[in-house]
Amino acid sequence: MPLPTIQVNSDQCIRCGLCLKDCLAKLLAFGDDGLPAYVPGGAARCFRCQHCMAVCPQGALSWSGKNPEDSPLLGTVCSPETLQNLLYQRRSIRSYLRKNVESEKFARLREAMAFVPTGCNDHRLFFACSDDLAVTDMFREAARKAVLEKIASGTLPGQIAHFANMKPALDAGVDIYFRNAPHFVAIAVPPDAKDAHIDPYIAATQFELLAGSMGLGTCWGGMATDLFLAIPELQENLDLPDGVDLKIVMLFGYPSVKYARIPQPEPCGWVSLKSF
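FYI, the numbering for the sequence shown is 6 to 281, going by this note's numbering.
#1: If I measure Cβ to Cβ from Gln17 and keep anything under 6 Å in the same chain, skipping five residues before and after, which residues do I get?
#2: Taking only runs that begin and end inside the segment 196 to 268, name each unbroken alpha helix (DSSP H) of 4 or more residues, in chain order.
#3: So is Glu116 buried or exposed if we call it buried at 16+ other beta carbons inside 10 Å?
#4: Do the CB positions of Leu256 and Thr230 come within less than 8 Å of each other?
#5: Taking buried to mean at least 16 other C-beta atoms within 10 Å of its own C-beta, is Thr123 buried or exposed?
#6: Check whether the Cβ atoms of Phe195 and Arg129 lie closer than 8 Å to each other.
#7: Hey, out of Leu92, Pro85 and Gln12, whose CA is closest to Trp68's CA?
#8: Please classify Glu154 as buried or exposed, where buried requires at least 16 neighbouring CB atoms within 10 angstroms.
#9: Cβ atoms of Leu239 and Ala147: under 8 Å apart, would you say?
#10: Mapping the DSSP letters down to three states, classify Ser93 as helix, strand or coil.
#11: Give a yes or no on whether the C-beta atoms belonging to Tyr43 and Leu29 are separated by under 8 Å.
#12: For Leu161, count neighbouring C-beta atoms within 10 Å of its own C-beta (all shown protein chains included) and say buried if the count is 16 or more, exposed if not.
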């Protein structure tokens with residue numbers, strides 16, 4: 006990637022130094038002209054976080070051609086109670102309406118994925134999304150037939166050998182792997198990404214929360230993920246680019262069931278650390 010650059014509007018900059026202070030790696034300093042600039046070698050070590058542009062109260066600093074006037078000002082956030090309700094009320098939905106989600110909601114979900122936090126701001130996540138019920142129907146039938154064929158031929162891969170126990174349900178046409186969801190999104194990442202082992206799951210979590218706020222249900226598709234990973238000919242239909250690894254499949258759509266109350270999960274372990 007080309008080295009990042011910063012541009013400062015000398016008429017707007019008030020030399021407050023907030024961009025210098027907020028740069029974690031201390032890559033900025035006032036230049037001879039009194040304006041913020043990269044220190045020698047600073048651009049090569051830039052985190053690409055854009056905090057310098059975001060923190061500027063005057064909107065005087067542009068980063069690599071991204072201009073502050075194109076960045077919305079910070080708005081209100083939901084209350085802790087509202088977010089807590091969303092977290093408490095989410096369920097793994099396994100029963101969906103046969104209804105496509107509106108394109109406007111797809112656009113909002115897609116745009117939000119650009120804001121997923123990633124290790125060292127490595128935004129090479131890739132999303133393969135079925136945004137049409139008819140397409141998802143093709144995947145669910147192809148998956149059912151592929152598993153039945155491999156059971157019959159004795160070639161079911163070892164990592165999904167337990168799928169053989171599902172043959173009666175598959176013979177009956179039960180959609181085990183996609184749970185009758187109208188849509189799914191497969192999330193992949195290059196293996197050399199700084200936090201490739203974490204970033205896709207952060208993305209799936211943020212996708213799930215935003216989807217929930219829009220009245221959509223979601224389910225972490227563990228079996229669908231296992232299926233794609235075990236049967237390459239199915240994964241090929243995801244059109245993933247070379248050099249990325251599939252990590253998780255999330256199912257989503259409008260739920261066909263409405264829950265009346267929040268369940269009572271068992272508490273997780275928790276310790277408050279003391280001085281040592």
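For every residue, glycine included, the Cβ atom is placed at its ideal position computed from N, Cα and C. Note that the structure is a prediction, hence the values are computed from the model and not measured.
The structure says:
#1: In the sequence shown, residue 17 corresponds to position 12, counting from 1. For Gln17, where only same-chain residues beyond five positions count, the Cβ hits under 6 Å are Gln63 and Ala65.
#2: 204 to 218, 227 to 235 and 237 to 240
#3: To locate residue 116, count along the sequence shown from 1; it is residue 111. Glu116 should be labelled exposed.
#4: Taking the first residue of the sequence shown as position 1, residue 256 is located at position 251. Taking the first residue of the sequence shown as position 1, residue 230 is located at position 225. Taking 8 Å as the Cβ cut-off, Leu256 and Thr230 do not qualify as a contacting pair.
#5: The residue given as residue 123 occupies position 118 in the sequence shown. It counts as buried.
#6: If you number the sequence shown from 1, residue 195 lands on position 190. If you number the sequence shown from 1, residue 129 lands on position 124. Looking at the sequence shown, residue 195 is not Phe but Pro. Going by C-beta atoms, Pro195 is nearer than 8 Å to Arg129.
#7: Indexing the sequence shown from 1 puts residue 68 at position 63. Looking at the Cα atoms, Gln12 is the closest of the given residues.
#8: In the sequence shown, counting from the first residue as 1, residue 154 sits at position 149. The residue is exposed, with fewer than 16 neighbouring Cβ atoms inside 10 Å.
#9: Start at 1 with the first residue of the sequence shown, and residue 147 comes out as number 142. Start at 1 with the first residue of the sequence shown, and residue 239 comes out as number 234. Yes; because the gap between Cβ atoms is below 8 Å, this pair is in contact.
#10: As a working mapping, residue 93 is identified with position 88 in the sequence shown. First, the amino acid is wrong: residue 93 is Tyr here, not Ser. In the structure shown, Tyr93 sits in a helix (DSSP, three-state: H, G or I).
#11: Walking along the sequence shown from the start, residue 43 turns up at place 38. Walking along the sequence shown from the start, residue 29 turns up at place 24. Result no, Cβ atoms of Tyr43 and Leu29 do not sit closer than 8 Å.
#12: Taking the first residue of the sequence shown as 1, we reach residue 161 at position 156. By the 10 Å Cβ count, Leu161 comes out buried.
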